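Enquirer: Submitted below is the structure of interest, expressed as structure tokens.
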Amino acid sequence: MSEKQTLGFQAEVAQLLQLMIHSLYSNKEIFLRELISNASDAADKLRFEAINDASLFEDDSDLKIKVSFDKAARTITIADNGIGMTRDEAILHLGTIAKSGTKEFFGKLSGDQQKDAAMIGQFGVGFYSGFIVADKITVESRRAGTTATEGVRWESTGAGDFSVEAIVKSDRGTAITLHLREGEDDFLSAYKLKSVIRTYSDHISLPIMMQKEEWDEEKKEQVLRDELETVNQASALWARNKNDITPEQYEEFYKHISHDYTAPLTHTHNRVEGRSEYTQLLYIPSRAPFDMWDRNKRGGIKLYVKRVFIMDDAEQLMPVYLRFVKGIIDTNDLPLNVSREILQESRDIKAIREGSTKRVLGMLEELANAEGEDDSSAKQEKFAGFWKEFGQVLKEGIGEDASNKDRIAKLLRFASTHNDSDAQNVSLADYLSRVKEGQDKIYYVTADSYIAGKNSPHLEIFRKKGVEVLLLTDRVDEWMLSFLTEFEGKELVSVAKGDLDLGKLEDEAEKKQHEETETEFKDLVEKMKVALADKAKDVRVTFRLTDSPACLVADDNELSGNLMRMLKAAGQSAPESKPILEVNPDHPLVQKLKYEDSKFADWSHILFDQAMLAEGGSLVDPAGFVKRLNEMLLNVKS
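If you use the UniProt record's numbering, the sequence shown closes out at 638, no skipped numbers anywhere.
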């Protein structure tokens with residue numbers, strides 16, 4: 001046997017331990033839920049590995065969890081006969097955090113205990129919650145299939161290091177012993193532990209065993225007997241009749257599978273029958289996980305076959321744009337030894353995926369369209385919360401899920417010139433309910449912020465005519481719009497691309513006046529084209545402006561200025577194209593330019609650069625702009 005070895009925690013573990021103790025101390029009871037949840041996962045992993053190697057059960061296929069306590073020693077022990085750990089696995093799983101996104105996780109911690117507690121849970125490091133109530137933790141484990149001499153003892157006070165040593169352990173699995181801190185003796189009670197288990201872990205499908213406690217007349221106190229009793233219901237929650245499950249049980253089951261400490265937003269529980277038969281229990285979280293934008297992250301759906309756990313994060317069961325959904329899918333139609341490769345080819349899995357996708361969209365529609373119901377305001381508030389956390393991800397579905405595109409489009413929410421705030425609460429249906437008579441298009445502008453969009457010069461004519469414009473400021477919007485070109489028969493049109501066509505919103509008198517103005521300014525426009533040949537693709541008179549002297553627009557078939565800037569900021573190449581400069585013939589600067597000779601080119605460049613700045617762009621030659629502007633200011637007559 002090897003001697004005891006002391007090793008240092010990974011720096012992130014030490015940092016996490018302090019966060020766990022301080023952020024979660026107000027809800028100390030969760031340590032038991034987390035450790036029981038880990039024990040349940042260990043049993044699931046053994047059951048899965050034993051599908052191909054039954055010898056791993058070692059003549060003990062009766063999987064269970066045992067919770068015990070010792071008043072004299074002031075310890076609580078949570079033991080399981082699951083998969084267990086080798087020495088190397090104990091060092092890896094208990095001494096380091098081998099998760100992608102660790103740096104992001106720590107970077108997003110705010111110091112707000114409540115918010116940080118939710119993130120810690122989502123990060124999935126429940127073992128360390130034991131240090132909330134313990135000043136020392138001892139773990140004894142042996143992996144299934146190894147010999148009794150290959151056991152390992154891991155021990156730490158949660159400070160800066162931990163020790164590992166080889167031990168003889170006759171039974172497989174893991175026993176975690178918590179040496180309680182001073183003041184935590186409330187947990188040294190069968191009544192207290194059973195109460196916590198029934199509150200937080202009643203849904204665990206394994207039996208959670210404790211010694212029976214009975215009244216001893218001689219000692220006049222409760223005493224523990226050798227006989228064990230099952231504390232929880234010990235049946236898969238999703239397999240029960242939903243009428244027999246309380247809202248609290250649904251909530252605790254969510255926390256078990258998600259490691260999230262906050263309640264879910266909503267859930268759906270259904271048995272689906274037909275060509276494919278399966279049970280689904282799906283949840284929408286109330287908060288986005290810290291790694292939501294990692295599209296390579298596997299999904300949050302656990303796959304079971306005939307109530308036997310098969311795999312975590314079965315990404316084939318839910319499209320990428322619904323990667324925030326957590327839950328369980330249990331089917332009878334797959335073999336127990338199913339692999340990820342088989343899942344990709346399975347027609348049953350395709351049917352489950354389609355059905356589950358529709359069920360999630362149905363949940364969201366119920367929240368979004370809850371008008372006139374008794375709890376409609378609460379549901380709409382939930383949908384507003386959902387949109388704030390997950391709206392940008394849902395938008396990905398417009399381009400990724402053609403069969404559900406129309407349903408997703410009805411769920412989209414945007415900021416708009418109709419409102420005075422940046423709240424994204426305007427649906428496309430809301431917009432259509434307010435269109436002007438004769439308006440046959442849905443108008444929008446894209447920008448990198450709400451303020452930039454709201455103050456865009458492209459909106460001036462729309463304000464004048466009282467026409468609503470959607471303000472799209474999420475990074476995903478430009479990509480989404482390449483797939484969302486119309487809604488309910490009305491075309492979505494950018495106010496910053498192509499010729500402005502207001503259709504019936506313009507009367508014949510206005511159109512005639514525009515033609516006359518274009519003729520009047522034809523020579524000026526041609527002269528500006530020459531002066532700006534290196535910057536502008538074209539120069540033309542515009543009638544979309546009322547206050548600004550000029551603006552930039554992109555051709556119908558070219559990338560918008562906003563998308564070009566986003567691509568460059570992301571280090572991606574973008575096709576080179578020049579914008580079109582449109583000038584406002586009614587603006588004094590443009591009118592003055594008609595009579596300018598010596599500084600005509602400088603004034604033209606100033607107008608172009610001003611237009612570029614107004615739409616949030618950056619100048620190729622900022623020093624040249626400043627020089628021209630200063631010269632112009634110095635030549636202004638008082």
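The beta carbon of each residue, even a glycine, is placed where N, CA and C say it ideally should be.
Keep in mind the model is a prediction, meaning the values are calculated, not measured.
If we ignore side chains and look at the alpha-carbon of each, how far apart do Leu35 and Phe131 end up?
Expert: Reading the sequence shown from its first residue, position 35 is the one you call residue 35. Reading the sequence shown from its first residue, position 131 is the one you call residue 131. Cα to Cα, Leu35 sits roughly 11 Å from Phe131.
Enquirer: Buried or exposed for Ala144, going by 16 or more other Cβ atoms inside 10 Å?
Expert: Translated into positions along the sequence shown, residue 144 becomes position 144. Burial call: buried.
Enquirer: Please list the segments of the beta strand (DSSP E) lying wholly inside the region 26-74, counting only runs of 3 or more residues, in order along the chain.
Expert: 65-70
Enquirer: Mapping the DSSP letters down to three states, classify Asp538 as helix, strand or coil.
Expert: Taking the sequence shown and counting its residues from 1, the one referred to as residue 538 is at position 538. Three-state result, Asp538: strand.
Enquirer: In whole angstroms, what is the alpha-carbon distance linking Ser638 and Met632?
Expert: Along the sequence shown, read from residue 1 onward, the residue named residue 638 stands at position 638. Along the sequence shown, read from residue 1 onward, the residue named residue 632 stands at position 632. With a pLDDT of 47 at Ser638, under the threshold of 50, the predicted position of this residue should be treated as unreliable, and no value is reported.
Enquirer: Does the separation of the CB atoms of Tyr443 and Thr473 fall below 9 Å?
Expert: Taking the first residue of the sequence shown as 1, we reach residue 443 at position 443. Taking the first residue of the sequence shown as 1, we reach residue 473 at position 473. Result no, Cβ atoms of Tyr443 and Thr473 do not sit closer than 9 Å.
Enquirer: Which whole-angstrom value is the C-beta distance of Ile76 and Ala39, which I expect to be below 8 Å?
Expert: In the sequence shown, counting from the first residue as 1, residue 76 sits at position 76. In the sequence shown, counting from the first residue as 1, residue 39 sits at position 39. With a Cβ gap of about 13 Å, Ile76 and Ala39 do not count as contacting.
Enquirer: Would you verify that the beta carbon of Lys441 is, or is not, closer than 9 Å to some beta carbon of chain C?
Expert: In the displayed structure, chain C is absent; only one protein chain is listed.
Enquirer: Which residue from Thr485, Asp507, Ala175, Glu396 puts its Cα closest to that of Gly438?
Expert: Taking the first residue of the sequence shown as 1, we reach residue 438 at position 438. The residue with the shortest Cα to Cα distance from Gly438 is Asp507.
Enquirer: Would Glu214 be called buried (16 or more neighbouring beta carbons within 10 Å of its own) or exposed?
Expert: Here residue 214 is taken as the residue at index 214 of the sequence shown, counted from 1. By the neighbour-count rule (16 or more Cβ atoms within 10 Å), Glu214 is not buried but exposed.
Enquirer: Using the beta-carbon count (16 or more within 10 Å), is Ser156 buried or exposed?
Expert: The residue given as residue 156 occupies position 156 in the sequence shown. It counts as buried.
Enquirer: Tell me which residue opens and which closes the alpha helix (DSSP H) that residue 689 is part of.
Expert: Lying before the first or after the last residue shown, residue 689 is absent from the chain, which here runs from 1 to 638.
Enquirer: From Val308, Tyr278, Ile328, pick the residue whose C-alpha is nearest to that of Gly300; which is it?
Expert: Indexing the sequence shown from 1 puts residue 300 at position 300. Checking every option, the nearest Cα to that of Gly300 belongs to Ile328.
Enquirer: Can you tell me which of Val139, Leu56, Ala54, Lys71 puts its alpha carbon nearest to the alpha carbon of Ile78?
Expert: Indexing the sequence shown from 1 puts residue 78 at position 78. Checked all of Val139, Leu56, Ala54, Lys71; the closest Cα to Ile78 is Val139.
Enquirer: Report the rounded CA-to-CA distance for Arg407 versus Asp330, giving the unit in angstroms.
Expert: The residue given as residue 407 occupies position 407 in the sequence shown. The residue given as residue 330 occupies position 330 in the sequence shown. The straight-line gap from Cα to Cα measures roughly 26 Å.
Enquirer: Is the region 265-274 close to the region 342-349, with three or more CB pairs under 8 Å?
Expert: no
Enquirer: Are the CB atoms of Lys219 and His179 within a distance shorter than 9 Å?
Expert: Here residue 179 corresponds to residue number 179 of the sequence shown, with the count starting at 1. Here residue 219 corresponds to residue number 219 of the sequence shown, with the count starting at 1. Cβ distance not < 9 Å, so His179 and Lys219 don't count as in contact.
Enquirer: Closest to Gly274 by C-alpha separation, out of Phe386, Ala190, Pro549, Gly355, would be which residue?
Expert: Taking the sequence shown and counting its residues from 1, one reaches residue 274 at position 274. Taking only the C-alpha atoms, the option nearest Gly274 is Gly355.
Enquirer: Applying the 10 Å Cβ sphere with the 16-neighbour rule, what's the burial state of Ala159?
Expert: Residue 159 sits at position 159 when you count from the first residue of the sequence shown. It is exposed - the Cβ of Ala159 has fewer than 16 other Cβ atoms within 10 Å.
Enquirer: Which residue comes first and which comes last in the alpha helix (DSSP H) that contains Glu89?
Expert: Residue mapping note: residue 89 aligns to position 89 of the sequence shown, counting from 1. Start and end: 87-95.
Enquirer: Contact between the region 53-64 and the region 313-328: three or more CB pairs below 8 Å?
Expert: no
Enquirer: Between the Cα of Asn241 and the Cα atoms of Ser258, Asp621, Thr279, which residue gives the shortest distance?
Expert: In the sequence shown, residue 241 corresponds to position 241, counting from 1. Looking at the Cα atoms, Thr279 is the closest of the given residues.
Enquirer: Under the three-state reduction of DSSP, which class applies to Val590: helix, strand or coil?
Expert: Here residue 590 refers to the residue found at position 590 when the sequence shown is read from its first residue. Correct three-state label for Val590: helix.
Enquirer: Where does residue 639 sit, in a helix, a strand or coil, going by DSSP?
Expert: Missing from the structure shown is residue 639; the chain here goes from 1 to 638 and no further.
Enquirer: Which residue spans inside the region 247-296 form an unbroken alpha helix (DSSP H) run of at least 4?
Expert: 247-258
Enquirer: Which of helix, strand or coil does DSSP assign to Ala11?
Expert: What you label residue 11 is simply residue 11 of the sequence shown in a count that begins at 1. DSSP places Ala11 in helix when its eight states are reduced to three.
Enquirer: Would the region 614-621 and the region 537-554 be scored as touching if the rule is three or more Cβ pairs under 8 Å?
Expert: yes
Enquirer: Let me confirm a value: Ile208 is counted as buried when at least 16 other C-beta atoms fall within 10 Å, else exposed. Which label applies?
Expert: Along the sequence shown, one-based indexing puts residue 208 at 208. Buried.
Enquirer: To which residues of the same chain is Ile580 closer than 6 Å at the C-beta, ignoring the five residues directly before and after it?
Expert: Position 580 of the sequence shown holds residue 580. If we look at Ile580 and ignore the five residues flanking it on each side, its Cβ neighbours are Lys537, Asp538, Val553.
Enquirer: Given Glu400, which residues of its chain have a CB within under 7 Å of its CB, disregarding the five upstream and five downstream residues?
Expert: For this step, residue 400 is matched to residue 400 along the sequence shown. Cβ within range, chain order: Pro319, Val320, Tyr321.
Enquirer: DSSP three-state call for Thr199: helix, strand or coil?
Expert: Looking up residue 199 in the sequence shown gives position 199. Helix.
Enquirer: When the distance is taken between beta carbons, is Pro585 closer than 9 Å to Phe487?
Expert: One-based indexing of the sequence shown puts residue 487 at position 487. One-based indexing of the sequence shown puts residue 585 at position 585. Cβ atoms of Phe487 and Pro585: not closer than 9 Å.
Enquirer: Leaving out five residues on either side along the sequence, give the residues of the same chain with a beta carbon under 8 Å from the beta carbon of Asp477.
Expert: As a first step, residue 477 must be located in the sequence shown, where it is residue number 477. Same-chain partners within the cutoff: Lys395, Thr446.
Enquirer: Would you mind sorting Glu510 into buried or exposed? The rule is 16 or more other CB atoms within 10 Å of its CB.
Expert: Here residue 510 refers to the residue found at position 510 when the sequence shown is read from its first residue. Under this definition Glu510 is an exposed residue.
Enquirer: Would you please state the rounded distance, in angstroms, between the beta carbons of Trp479 and Gln424? I believe it to be under 8 Å.
Expert: Locating residue 479 in the sequence shown gives position 479, counting from the first residue. Locating residue 424 in the sequence shown gives position 424, counting from the first residue. No, Trp479 and Gln424 are not in contact; Cβ-Cβ is about 17 Å, not under 8 Å.
Enquirer: If you drop the 5 nearest sequence neighbours on each side, which residues of the same chain put their C-beta closer than 8 Å to that of Glu227?
Expert: Here residue 227 refers to the residue found at position 227 when the sequence shown is read from its first residue. Hits under 8 Å: Gln211, Lys212.
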